[in-house]
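Let me begin by presenting the structure, written as structure tokens, before commenting on it.
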Amino acid sequence: MKMRTCKLKPLIFWEGIALLLIWIFYLHPGSSSAQQVLDRIVAVVGDQIISDSELEMQLALYVNQMRMELKSEAQKGQLKREILDQMVNDRLLLLAAQKDTNIEVTSKEVEESVKEQLNRIKSEFTEEEFRAQLKAEGLTEGELRKKYREQTKEKMLTDRLIASKLSRVSVSTKEVKDFYETHKDSLPGQPEAVKLSHILLEIVPSSETLDSLKSKAERIRKLANEGEDFARLASTCSDDPTGERGGDLGFFKKGDMIPKFEGVAFALEPGEISDVVETEFGYHIIKVEEKKGDQVHARHILLLVGSSERDTMRTEELADSLYHLLLEGADFAELAKEFSSDEESQKMGGELGWYPVEQMTPEIKEGVKDLEVGQVSRPLKSQYGIHILKALDKREGRELSLEDDWDVIKNMVRRKKTNEVVTEWVEKLRQEIHVEIRL
């Protein structure tokens with residue numbers, strides 16, 4: 073498994089399964105016809121190309137997210153041209169960002185974002201479903217992670233470049249009023265929403281669970297050092313999909329793995345077996361098969377870190393205790409600061425801000441539907457852990473007004489001006505950088 077590595081506010085429903093299936097299909101097409109599509113270039117931007125498979129992937133993502141139905145080839149062709157035009161613009165901005173020495177994105181920032189994205193995807197699957205889908209497409213989690221890593225870094229670079237260019241965009245009072253008067257009949261309404269605080273108790277492995285898992289890894293390592301076939305041990309003991317091929321990772325170079333893993337792998341000699349290596353994924357045992365230039369060919373056995381039934385029960389008991397303390401008058405913000413696993417909201421006493429009811433996950437929506445302002449919910453379980461929610465305020469769905477929604481409307485004007493500035497800037501880049509459309 074090739075790897076690298078503010079908790080999400082875990083209340084918004086995200087259609088991860090459908091999107092992952094699209095990602096897998098287009099990142100790793102299985103048929104020969106799909107492979108031929110991969111070789112077709114539909115656009116050239118500077119020294120970069122855009123392939124038809126990339127365009128098809130973006131089309132599929134867009135159609136899925138917008139819940140569109142393409143009724144004709146003409147409609148599909150028009151949409152493809154519009155999406156390709158945006159992809160060209162994105163490449164132009166990326167090239168500009170890569171040339172700007174003032175724009176920087178750290179590896180840590182990228183890895184945190186990638187980890188967050190994969191956690192969101194995995195939360196929509198059981199572990200078996202996730203592995204089965206990867207296996208069906210001949211794709212490893214490492215390959216999916218590597219692709220996300222590349223795209224995440226590119227997006228961060230581009231976003232920061234745009235932010236630096238737009239930092240001077242300002243909006244006057246007159247512009248807000250004029251915008252509202254012009255568009256008030258077509259502005260989207262303010263949806264029904266709840267202002268929430270929460271205490272999130274993440275279900276994490278206890279020290280006893282971790283000690284037990286590490287002891288198992290040590291026993292497996294001992295067997296390997298005593299002469300047991302490493303590939304056979306991987307096939308029977310490893311929790312990684314590579315276990316089915318004896319833990320074989322193939323050749324990899326520095327930067328393909330998370331730093332701690334590759335640091336050990338590159339220090340080993342061919343035939344040598346590592347000590348147990350702990351990473352955020354679990355416990356690894358690494359064996360180097362071969363070294364060639366700046367690459368290493370290795371196998372590994374991975375024991376994934378997971379929570380036990382006892383860990384879940386322990387967290388449920390803590391949640392129940394906190395809930396009863398709150399019913400007895402304990403301060404919600406103080407308990408959130410002390411116990412919540414959501415580092416971002418923890419600092420603010422658990423406050424999450426406003427959430428549209430229609431965008432909440434089913435379990436959260438069910439938990440808050442009968443809450444009055446000031447009340448707390450019973451502990452609710454989600455894929456992120458166990459929540460206790462508090463309703464700070466509620467608002468009904470309604471039309472926007474200048475009096476009540478000045479900041480919302482002002483942000484709309486800012487986005488409009490921002491889009492105009494970016495459009496003008498991209499047109500200038502098109503004059504400076506070679507662009508060729510072949511669709």
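Mapped onto my numbering, the consecutive letters of the sequence shown carry residue numbers 73 to 511. Note that the Cβ used here is the ideal one computed from N, Cα and C, for glycine as well. Owing to the predicted nature of the structure, the values given are computational and were not obtained by experimental measurement.
Task: Outcome for Gln503 when other beta-carbon atoms lying within 10 angstroms are tallied against a minimum of 16 - done: The residue is exposed, with fewer than 16 neighbouring Cβ atoms inside 10 Å.
TODO: Please go through the same chain and pick out, in chain order, the residues whose beta-carbon is closer than 8 Å to the beta-carbon of Lys207, but skip the five residues on each side of it.
DONE: The residues are Pro313, Glu316.
Open item on the list: Helix, strand or coil for Glu344? Go by DSSP, reduced to three states.
Closed with: Coil, per DSSP.
Open item on the list: Closer than 7 Å to a non-hydrogen atom of the ligand NAD - does that hold for the CB of Ser179?
Closed with: With respect to small molecules bound, the structure shown includes none, and the ligand NAD cannot be examined in it.
Open item on the list: Which runs of the beta strand (DSSP E) at least 3 residues long sit entirely within the segment 415 to 452? Give them in chain order.
Closed with: 423 to 428, all fully within the segment 415 to 452.
Open item on the list: Measuring only the C-alpha atoms, how far is Ser269 from Ile436?
Closed with: Ser269 and Ile436: Cα-Cα distance of roughly 12 Å.
Task: Distance between Gly319 and Lys152 (C-alpha atoms, nearest Å) - done: Taken atom to atom, the span from the alpha-carbon of Lys152 to that of Gly319 is near 41 Å.
Open item on the list: Considering only the alpha carbon of each residue, which of Ala337, Lys227, Ile509, Thr387 lies closest to Ile371?
Closed with: Note on identity: in this sequence residue 371 is Arg, with Ile being the wrong assignment. Scanning Ala337, Lys227, Ile509, Thr387 for the CA closest to the CA of Arg371 turns up Ala337.
Open item on the list: Is the beta carbon of Ser413 closer than 8 Å to that of Leu272?
Closed with: Judged by beta-carbon spacing, Ser413 lies within the 8 Å limit of Leu272, meaning their Cβ atoms are closer than that value.
- [ ] List the endpoints of the continuous alpha helix (DSSP H) containing Gln147.
- [x] Under the DSSP assignment, Gln147 falls in the alpha helix (DSSP H) whose first and last residues are 145 to 171.
Task: Cβ shell of Leu233 (< 7 Å), same chain only, five flanking positions each side left out - done: Cβ within range, chain order: Leu165, Ala168, Ala169, Asp172, Ile175.
- [ ] Could you check which residue in Glu492, Ile122, Arg510, Gly425 has the C-alpha nearest to that of Lys237?
- [x] Looking at the Cα atoms, Glu492 is the closest of the given residues.
TODO: Would you kindly work out how many angstroms separate the C-alpha atoms of Ala303 and Gly365, rounded to a whole number?
DONE: Across the structure, Ala303 and Gly365 are spaced so that their CA atoms are roughly 24 Å apart.
- [ ] Could you tell me how far apart the beta carbons of Glu508 and Ala235 are, in whole angstroms, since I believe they sit closer than 8 Å?
- [x] Distance from Glu508 to Ala235 at the Cβ level is roughly 29 Å; contact not present, criterion being Cβ atoms closer than 8 Å.
- [ ] Answer yes if the segment 245 to 262 comes into contact with the segment 443 to 454, meaning at least three C-beta pairs across the two stretches below 8 Å, and no otherwise.
- [x] Contact between the segment 443 to 454 and the segment 245 to 262 is absent, with fewer than three C-beta pairs closer than 8 Å.
Open item on the list: Which residue marks the beginning of the beta strand (DSSP E) containing Val368, and which one marks its end?
Closed with: Counting along the chain, the unbroken beta strand (DSSP E) around Val368 starts and ends at 367 to 376.
Task: Residue interval of the alpha helix (DSSP H) (run including Asp465) - done: Boundaries around Asp465 are those of the beta strand (DSSP E), 457 to 467, since no alpha helix (DSSP H) includes it.
Open item on the list: Could you tell me the alpha carbon to alpha carbon distance between Leu399 and Gln431, rounded to whole angstroms?
Closed with: Between the alpha carbons of Leu399 and Gln431 lies a distance of about 28 Å.
Open item on the list: Between Leu285 and Ala296, how many whole angstroms is the CB-CB distance? I'm expecting something under 8 Å.
Closed with: By a beta-carbon distance limit of 8 Å, Leu285 does not contact Ala296. Their separation comes to about 17 Å.
- [ ] Measure the Cβ-Cβ separation of Val448 and Lys466 and say whether it is below 8 Å.
- [x] Taking 8 Å as the cut-off, the beta carbon of Val448 is found no closer than this to the beta carbon of Lys466.
Open item on the list: Please tell me whether Lys225 and Val182 are closer than 8 Å, where the distance is taken between their beta carbons.
Closed with: Contact annotation: Lys225 and Val182 have beta-carbon atoms nearer than 8 Å.
Task: Glu361, enclosing beta strand (DSSP E) - first and last residue - done: Per DSSP, the unbroken beta strand (DSSP E) holding Glu361 starts and ends at 354 to 364.
- [ ] Determine the contact status of Gln262 and Phe323, defining contact as a CB-CB distance below 8 Å.
- [x] No, the Cβ-Cβ distance between Gln262 and Phe323 is not below 8 Å.
- [ ] Starting from Gly322, follow its DSSP beta bridges and name the residues at the other end.
- [x] Answer by DSSP bridge pairing, in chain order: Ala370.
Open item on the list: So, for Ala402: in the same chain, excluding its five sequence neighbours on each side, which residues have a beta-carbon less than 6 Å away from its beta-carbon?
Closed with: Nothing meets the Cβ criterion.
TODO: May I ask you to report which of helix, strand or coil DSSP gives Ala402?
DONE: When secondary structure is reduced to three states using DSSP, Ala402 falls in the coil class, being assigned neither helix nor strand.
- [ ] May I ask which residues mark the beginning and end of the beta strand (DSSP E) holding Glu471?
- [x] It is not in any beta strand (DSSP E) - Glu471 carries neither H nor E in the DSSP assignment.
Open item on the list: Tell me the rounded alpha-carbon separation between Lys294 and Val440.
Closed with: Looking at the two C-alpha atoms, the distance is approximately 52 Å.
Open item on the list: With DSSP as the reference, identify every bridge partner of Ile234, one or two as the case may be.
Closed with: Partner residues in a beta bridge of Ile234, as assigned by DSSP, do not exist.
- [ ] Can you have a look at Ile113 and say buried or exposed, based on whether 16 or more other CB atoms are within 10 angstroms of its CB?
- [x] So Ile113 counts as exposed.
TODO: Note down, in chain order, each residue of its chain lying with its Cβ closer than 7 Å to the Cβ of Ile155, except the 5 sequence neighbours on either side.
DONE: Spatial neighbours of Ile155 in its own chain (CB-CB distance under 7 Å, excluding positions within 5 residues in sequence) are listed in chain order as Leu127, Gln130, Leu131, Tyr134.
Open item on the list: Determine whether the beta carbon atoms of Trp426 and Ala265 lie at a separation below 8 Å.
Closed with: Yes; because the gap between Cβ atoms is below 8 Å, this pair is in contact.
Task: Rounded straight-line distance, which links the Cα of Glu423 to that of Val445 - done: In this model, Val445 and Glu423 are separated by some 14 Å (Cα to Cα).
Open item on the list: Suppose the cutoff is 8 Å on Cβ atoms and the five residues either side in sequence are ignored; what does the same chain contact list for Phe251 look like?
Closed with: Within the same chain, Ile481, Met484, Val485, Lys488 come within 8 Å of Phe251 by CB-CB distance, once the 5 residues on both sides are set aside.
- [ ] Return helix, strand or coil for Val109, following the three-state DSSP convention.
- [x] Low confidence applies to Val109: its pLDDT is 39, below 50, so where it sits in the model is not reliable, and the reading given next is rough at best. Residue state, collapsed to three classes: helix.
- [ ] Report buried or exposed for Ser279, applying the criterion of at least 16 other Cβ atoms within 10 angstroms of its Cβ.
- [x] Of the other Cβ atoms in all chains shown, fewer than 16 fall within 10 Å of the Cβ of Ser279; this residue is therefore exposed.
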